[in-house]
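For the sequence shown, position 4 (counting from the first letter as 1) is numbered 909 according to this note's numbering, and the numbering increases by one without interruption.
Where a beta carbon is used, it is the ideal one built from N, C-alpha and C, also for glycine.
In this text the structure is predicted, and so the values were computed from the model without any measurement.
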Amino acid sequence: MQFTVDLNLQHCECGRFSRNGIPCDHALSVIQYLQQPIHSYIPSVFWISIWKKTFLQNLKPISIDNLPILENGPTIDPPTNKQKPRGRLKINRFQHGSQQKASKAQPNINSPDSGNQQKCHEKMQRNLLIEVLQNIR
906 MQFTVDLNLQ HCECGRFSRN GIPCDHALSV IQYLQQPIHS YIPSVFWISI
956 WKKTFLQNLK PISIDNLPIL ENGPTIDPPT NKQKPRGRLK INRFQHGSQQ
1006 KASKAQPNIN SPDSGNQQKC HEKMQRNLLI EVLQNIR
């Protein structure tokens, strides 16, 4: 993609340069190509020297002791603290292929009478592989 940049109007077709006055990547490329100083295209409000002048003098505190008390004014109540539930919301899930709710207690698939030892082994290998792949990313 190509964007047209006008440095005199501080405008680029991408819209970022004219939005806040700070040169976008496209404008910076043009400025560097023309071998001009970049700081001359940055608004003075972003210069460190202007910031230092702004905060050079201390702000004087205001005394609140002598403020008038409004008797008929609006009352301001403190915010109500409604505690949000912690963690993930509990969802009632159904077992695959049936409309019965799944029980919270998981059956022991390692017990010899369950006959699921091979499935358990495959599931453990799959979970280990997923964990290894997640750690690689």
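Any chain C beta carbon closer than 8 angstroms to residue i
| i | result |
| --- | --- |
| residue 913 | Here chain C cannot be found, since the structure has a single protein chain. |
Cut-off 6 angstroms between Cβ atoms - residues of its own chain near residue i, not counting five sequence neighbours on either side
| i | result |
| --- | --- |
| residue 994 | none |
| residue 929 | 917, 919, 921 and 922 |
| residue 943 | 936 |
Terminal residues of the alpha helix (DSSP H) in which residue i lies
| i | result |
| --- | --- |
| residue 956 | 953 to 959 |
Residue i Cβ short of 7 angstroms to the ligand ADP heavy atom set
| i | result |
| --- | --- |
| residue 1033 | The ligand content of the structure shown is nil, which means the ligand ADP is not present either. |
Neighbourhood of residue i by C-beta distance below 8 angstroms, restricted to the same chain and skipping five residues each side
| i | result |
| --- | --- |
| residue 946 | 912, 915, 928, 932 and 936 |
Contacts around residue i, its chain only, beta-carbon distance under 7 angstroms, and the 5 residues preceding and following it disregarded
| i | result |
| --- | --- |
| residue 949 | 955 |
Taking 8 angstroms as the threshold, find out whether the segment 961 to 970 comes into contact with the segment 983 to 991 through three or more Cβ pairs. no
Please give me, in chain order, every unbroken run of the alpha helix (DSSP H) with length at least 4 that falls completely inside the segment 916 to 941. 921 to 925 and 930 to 938
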